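Chains Z and U supply the protein sequences, listed in that same order.
So for the first sequence, the numbering used here puts the first residue at 1; every next one is plus one.
So for the second sequence, the numbering used here puts the first residue at 1001; every next one is plus one.
For every residue, glycine included, the Cβ atom is placed at its ideal position computed from N, Cα and C.
In this text, all values refer to a predicted model and were calculated from it rather than measured experimentally.
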Amino acid sequence: MDCVAVGFSKNLQNGRVMRALVNEKDIVLWRSRSGQLSAWENRCPHRGMRLSHGFVRGEALACMYHGWHYDSEGKCRYIPAHPDLDPPTTIGIEKYFSFEKGGIIWVDIRNKTGGPPIVENLIPIRSMEFHCKVERVERVLTNFESPSSHKSTIRFYHVDQRANTVIVKIKPLGKTLHLIFQELPNFRCFLHALSADKCEVGQYKAISRCLDHLRRESETQLDILK
Amino acid sequence: MKCKLERAKDDWYPIGMLTDNKRSKHHATRLLGFDIVLETKRDGTFSVFCDNEPWHVMAAYGHVWTSPSKTPKPLFDVPEAEEYDRRFVPCGEVHVNCSPLRAVENFLDIAHFPFVHTDILGAEPHTEVMPYNVKIDEKNDEIIATKVKFFQPQAAKSASDGIITDYIYRVPSPMNALLYKTCPSRDEVRDVIAIFVQPLDEDNCAVWPWMALYDDQSSMADMIEFQQLIFLQDRNILENQIPKRLPIDPKMEIPTRADLTSVAYRRWLKKNAALYGALTQMTEKNLEAKK
Ligand code: FES
Ligand SMILES: [Fe+2]
């Protein structure tokens, strides 16, 4: 997968920093005061500190260890230990291609510009971490649509599947959800759930409960169910 | 791999405090990847065993030290440990999931004070690191950094206002470092703060801070708490450095003038082949090739 969903746009506000893992690569995502989004290798070239612990200063990201400032091009602009020094232009961080579409932040570490497999106008519902692999969740989703599953009144009806996205309908609610997966190391994954239909507050909560149910089922499912 | 472990075996390492009521009589711990047991006998003496084989033990600077070698190098000298008007404060251990060498390098670094020990050991806008001196003391093969000056809002437990603190740093062996700092209560003498690092393995260590101070006002508990707070702030940094091991070859990380001591430390480690906990370009390439 070239393009990976790493979170909802609305969850990364201006001036904030977050960490993301994309194909096992450690990445820092941050938004400047004015709203510019950047995705970089999560390592300060000075002494290796994870930049995701840093803080935004205007249009720059400052490392937490010694406060070096990097502009949105990833170039070092300021070294607090030597305030009068113009940092050498050779100090820079590896940048990755990132963009926002459908309310989601996408990162493409191979820097290809192909778009993500997503329809526009979706409503972000919830981003949640699962302590199991993506295949498990997909398996549970498949199981949910099979008539032999009578464990619960909730049914996820498998509607469609594209690269990294599963589209399902939830039976009691009649809502269509787009579930976008982000693989993580150590048997974990992220699920970013978006709704294709408008939702009232009560429906948000109902969908959220269904997702909790899905998580429980996925995390506790035995591997015998291959 | 074998070679860097062999070199590391020649040194002494701290594995506990001399007095520690909480430690069991048979205390299991780890050193350089070996499982060892520290035995405290009824008469207060110690023995250390690895697979039933006894290792050398000695008491020094508030700690129990051991070495896997049959003929370890002599332990470095700390003359201030004989100045009995000082208060000697072993602070207990802080476990850190990082290379022992990264822990020592962090101890030698002052540029992080305003950002990591905010309003205690440093504060913005006082971030500038003035030029200082670093040399290798040829006689003892130690690194000595002098005239290291930094503005500090609260340099020690006994300091109430900000002062310019003047430091001397000393690295007598790869995993031990000491600093001598201006003492807030007396002009003519210096407080000593040391870290003795126990390498559990190349990626994990236990840091044993030890102080020899002229502070006669603060309680022991307050002084320990102060030092523990500082080290916990450092731990948050140390456990988030990538790669975990200290990159020893230039170009793998980019230093600036303020890092003179750190640069000297890395060079000195390389010269002495003290590479336990270090990453060289060679090992990095090997790791990448394996992926
Ligand atoms: S490690 Fe980032 S500024 Fe030093
Ligand atoms: Fe520190």
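In the DSSP assignment, U:Phe1231 forms no beta bridge with any residue. Cβ proximity to chain Z below 9 angstroms picks out nothing from the region 1018-1040 of chain U. Shown in chain order are the members of the region 24-46 of chain Z whose Cβ falls below 8 angstroms from a Cβ of chain U: Asp26, Asn42, Arg43, Pro45 and His46. Annotated three-state conformation of Z:Ser208 is helix, per DSSP. Separation of U:Pro1174 and U:Pro1199 (C-alpha to C-alpha, rounded to the nearest whole angstrom) is 11 angstroms.
Following the DSSP letters along the chain, one finds U:Phe1113 inside the alpha helix (DSSP H) bounded by residues Phe1113 to Val1116. Take the alpha-carbon of Z:Glu219 and the one of Z:Phe187: they are about 10 angstroms apart.
Going by DSSP, U:Val1129 is part of no alpha helix (DSSP H) at all; its letter is neither H nor E. Under the three-state reduction of DSSP output, U:Lys1251 falls in the coil class, being neither helix nor strand.
For U:Ala1264, the enclosing alpha helix (DSSP H) stretches over residues Leu1260 to Lys1271. The Cβ of Z:Gly15 sits no closer than 8 angstroms to any Cβ of chain U.
Around the beta-carbon of U:Glu1202, 16 or more other beta-carbon atoms lie within 10 Å, marking it buried. Proximity of chain Z to U:Gln1241 at the Cβ level (cut-off 7 angstroms) is accounted for by Arg47, Gly48 and Met49, in chain order. Between the alpha carbons of Z:Val166 and Z:Phe181 lies a gap of roughly 8 angstroms.
Within chain Z, Ala62, Cys63, Met64, Tyr65, His66, Gly67 and Pro80 have C-beta atoms less than 9 angstroms from the C-beta of U:Phe1115, given in sequence order. Taken through DSSP and simplified to helix, strand or coil, U:Leu1005 comes out as helix. Cβ proximity to chain Z below 7 angstroms picks out Glu1253, Ile1254, Thr1256, Arg1257 and Ala1258 from the region 1247-1272 of chain U.
The shortest C-alpha to C-alpha distance from U:Asp1077 to any of U:Asn1052, U:Ala1258, U:Pro1172 and U:Pro1209 is the one to U:Pro1172. The residue from Z:Lys75, Z:Lys101, Z:Met64 and Z:Leu177 with its alpha-carbon nearest to that of Z:Ile125 is Z:Leu177. The C-alpha of Z:Asp197 is placed about 45 angstroms away from the C-alpha of Z:Pro45.
The alpha-carbon of U:Val1089 is positioned some 20 angstroms away from that of U:Thr1066. One alpha carbon belongs to U:Lys1025, the other to U:Tyr1013, and they sit about 19 angstroms apart.
Distances from the alpha-carbon of U:His1095 to those of U:Asp1011, U:Glu1239 and U:Gly1162 put U:Glu1239 closest.
In this structure, the C-beta of U:Tyr1013 stays at least 7 angstroms away from each heavy atom of ligand 1.
Z:Ile104 does not reach chain U, its nearest Cβ partner there being about 27 angstroms away, counting only Cβ pairs nearer than 7 angstroms. Contact annotation: Z:Val56 and Z:Ser72 have beta-carbon atoms that are not nearer than 8 angstroms. At a cut-off of 8 angstroms between beta carbons, U:Glu1202 makes no contact with chain Z. Listed by position along the chain, the residues with Cβ atoms less than 5 angstroms from a non-hydrogen atom of ligand 1 are Z:Cys44, Z:His46, Z:Arg47, Z:Met49, Z:Cys63, Z:Tyr65, Z:His66 and Z:Trp68. For a Cβ distance threshold of 9 angstroms, nothing in chain U lies close to Z:Pro185: the least Cβ distance comes to about 13 angstroms.
Boundaries of the alpha helix (DSSP H) around U:Glu1105: Pro1100 to Phe1107. When rounded, the separation of the alpha-carbon atoms in U:Lys1041 and U:Ser1047 is 8 angstroms. Taking a Cβ-Cβ threshold of 7 angstroms, none of the residues of chain Z is close to U:Val1207; the smallest such distance is about 17 angstroms. With a cut-off of 8 angstroms on Cβ pairs, the region 25-41 of chain Z is in contact with the region 90-102 of chain Z, counting three or more such pairs. Under the three-state reduction of DSSP, Z:Asn11 is assigned to helix. Under DSSP, U:His1027 shares a beta bridge with U:Leu1038.
Listed in chain order, the positions of the region 1115-1131 of chain U with a beta carbon within less than 9 angstroms of a beta carbon of chain Z are Phe1115, Val1116, Glu1124, Pro1125, Thr1127, Glu1128 and Val1129.
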